[in-house]
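For the sequence shown, my numbering gives the first residue as 1, with consecutive numbering after it.
Ideal Cβ positions, reconstructed from N, Cα and C, are used throughout, including at glycine.
First the structure, in the form of structure tokens, and then the observations on it.
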Amino acid sequence: MTALLDRPESGIRAVLSGNTGADDVVEGRTVRTTPQCWLTDMDGVLVREEHALPGAAEFLQCLIDKQRRFLVLTNNSIYTPRDLAARLARSGLDVPESAIWTSALATAAFLVDQLPGGSAYVIGEAGLTTALHEAGYTLTDAGPDFVVLGETRTYSFEAITKAIRLIGAGARFIATNPDVTGPSAEGPLPATGSVAALITKATGREPYFVGKPNPMMFRSALNRIEAHSESTVMVGDRMDTDVVAGIEAGLETILVLTGSTTIDDVERYPFRPARILPSIAEAIDLI
Ligand SMILES: [Mg+2]
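Pasting the structure below:
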């Protein structure tokens, strides 16, 4: 075992263990030394501001070489998996579109499970409308079963007004993810969670959020690759979404410190990931 981050004074101790073939115990938590399947967050783990993070390309290649089933996850519902695969390729990361799981796909999977062949009024971009179409949904503003809210760069007052009236008339309110802002080069952009709050204020109805931190996002991802929670690891950069949802979905969790969380932030939470690694590069030996 190689101690990477050892902070006994804070009660935080994370280790990178070798593949011994047996489960190791880290601070009382069992970690799986040879996981069969991997879920990994995208932003802050593999890429940051459209640039690949060190070790990300090698990590993905190792998953492919060792024939591990894996999915790259994002709460962003703007893009289709094909769009995202192309964006990742421009960053130097080779991820097949079939290995990308978005909150839009998770939302479509959830809706099909709830009501196959239903209808929805959608506020969102191609990532969401394509996912719902491919799941057999009809997109309409005439008495839809659901109002589905996702991310867009052009939230229109007219569309939000329509959503509010349809929800008032009985449509069920679903949102792809609760993130209140999204990043841009110029500063934060209002995102799905903020617009959902506006609609909630106007209607008195709370949406059901499908994306992280709802563990539903991970459970539908597991189903997609026929993985089992006991043999799957989740890698993320946020305690309040990736790690908590991973724990709730029964996954082993790895926090990497290349995104929005520092080692000192970890202490503020009442739960711990199984491992804390400096970056995705240190996860390669665990594959
Ligand atoms: Mg992230």
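**Prompt:** Hey, how far is the Cα of Ser103 from the Cα of Ile164?
**Reply:** When rounded, the distance between both Cα atoms is 22 Å.
**Asked** Are the region 275-285 and the region 212-220 in contact at 8 Å, needing three or more beta carbon pairs?
**Response** Because the criterion of three Cβ pairs below 8 Å is not met, the region 275-285 and the region 212-220 do not touch.
**Prompt:** The alpha helix (DSSP H) with Val195 in it runs from where to where?
**Reply:** Run containing Val195: Thr192 to Thr203, per the alpha helix (DSSP H) assignment.
**Message:** Given 6 Å as the limit, tell me if Asp237 has its C-beta closer than that to any heavy atom belonging to ligand 1.
**Reply:** Checking the Cβ of Asp237 against ligand 1 gives yes.
**Request:** Kindly indicate which three-state DSSP category Val95 falls into: helix, strand or coil?
**Result:** Reduced to three states, the DSSP call for Val95 is coil.
**Message:** Taking the alpha-carbon of Ile64 as reference, which of Cys37, Leu84 and Leu88 has the nearest alpha-carbon?
**Reply:** Nearest option by C-alpha distance: Cys37.
**Request:** Flag this pair as yes or no: are the beta carbons of Val122 and Leu139 separated by less than 7 Å?
**Result:** Contact: yes.
**Message:** Taking 7 Å as the limit between beta carbons, can you name the residues of its chain near Pro54, skipping five residues before and five after?
**Reply:** For Pro54, where only same-chain residues beyond five positions count, the Cβ hits under 7 Å are Ser279 and Ala281.
**Prompt:** So, helix, strand or coil for His228, using DSSP?
**Reply:** In the structure shown, His228 falls within a coil segment according to DSSP collapsed to helix, strand and coil.
**Request:** Report the three-state DSSP secondary structure of Ala274 (helix, strand or coil).
**Result:** Here Ala274 carries a coil assignment [DSSP, helix/strand/coil].
**Asked** Considering Arg69, what are the terminal residues of the beta strand (DSSP E) in which it resides?
**Response** Unbroken beta strand (DSSP E) run through Arg69: Arg69 to Thr74.
**Asked** Quick check: the region 65-75 against the region 243-250, are there 3 or more CB pairs under 8 Å?
**Response** The region 65-75 and the region 243-250 do not touch, with fewer than 3 CB-CB distances between them shorter than 8 Å.
**Asked** Can you tell me the Cα-Cα spacing of Asp237 and Ala171, whole angstroms?
**Response** Taking the straight line from one Cα to the other gives about 35 Å.
**Request:** State the DSSP-derived secondary structure class of Ile280, mapped to helix, strand or coil.
**Result:** The answer is helix: DSSP assigns Ile280 an H, G or I state.
**Prompt:** Within 10 angstroms of its Cβ, does Lys212 collect 16 or more other Cβ (buried), or is it exposed?
**Reply:** With at least 16 other beta carbons inside 10 angstroms of its own, Lys212 counts as buried.
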